[in-house]
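J.:
Residue numbers (the working numbering): 241 to 435.
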């Protein structure tokens, strides 16, 4: 019932990410988007230092991470895209048109592009009760309250725009998508151990 697919259109398994590339990506995210603990206490690097043989496993696991969803989601996604293209706001129609080829048919490539969008356009965090959010930005514009509902409408304003973020409607669809990867147990469970 479940299926998984690679999101990378140009994915080449013969050129997997390296440990250096992964740590550089984490560093860039920490510097530009959302700060993490310093690399002295960063779990990925501390694991690699204490267990050098584990480094290649961590890289392999990161390269094998993939989204998965129930097969019944596919017709829902095709219907969602069709409705947004036909009845969405002008902003929504412009964003979704970019996913399609000239024929405006929800092909596998279009689906992959939409799933990719759902995984990449998420806010760092979102609390629906108050519409509080933290965006993928280190600027002061990166957080706020009560403005998220304007996203996708003609009233949307930077930084809350559909080009950069997923909408409430997309959040509902994205709730059906998981991301699978191997997990290493790194904590002994000791009461005083922090990982």
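Even for Gly, the Cβ is constructed at its ideal location relative to N, Cα and C.
#1: Just mark residue 416 as buried or exposed, buried being the case when its beta carbon has 16 or more other beta carbons within 10 Å.
#2: Residue 407 lies in the beta strand (DSSP E); which residues open and close that run?
#3: Where does residue 415 sit, in a helix, a strand or coil, going by DSSP?
#4: Are residue 471 and residue 332 touching if we call contact CB-CB under 8 Å?
#5: Three or more beta-carbon pairs under 8 Å between the segment 361 to 372 and the segment 390 to 399, yes or no?
#6: Go ahead and label residue 354 buried or exposed: buried means 16 or more other beta carbons lie within 10 angstroms of its beta carbon, across all protein chains shown.
#7: Any idea which residues DSSP pairs residue 307 with across the strands?
#8: Give the straight-line distance between the Cα atoms of residue 261 and residue 409, rounded to the nearest whole angstrom.
#9: What does DSSP give as the partner residue(s) for residue 366 in the beta ladder?
#10: Tell me, to the nearest whole angstrom, how far the beta carbon of residue 329 is from that of residue 299; I am working on the premise that it is less than 8 Å.
#11: Rounded to the nearest angstrom, how far is the Cβ of residue 207 from that of residue 407, given a contact under 8 Å?
#12: Between residue 249 and the rest of its own chain, which residues show a CB-CB distance below 6 Å, the 5 nearest in sequence each way excluded?
#13: Give me the Cβ distance between residue 421 and residue 305, rounded to the nearest whole Å; I'm assuming they're in contact under 8 Å.
T.: According to the structure shown:
#1: exposed
#2: No beta strand (DSSP E) contains residue 407, which DSSP labels as neither H nor E.
#3: coil
#4: One cannot answer for residue 471 here, as it falls past the ends of the chain, which runs 241 to 435.
#5: no
#6: buried
#7: 419
#8: 34 Å
#9: 373
#10: With a Cβ gap of about 42 Å, residue 329 and residue 299 do not count as contacting.
#11: Look at the range of the chain in this structure, 241 to 435, and you will see that residue 207 is not part of it.
#12: Any reading at residue 249 is ruled out, since the residue's pLDDT is 41, under 50, leaving its predicted position unreliable.
#13: 4 Å
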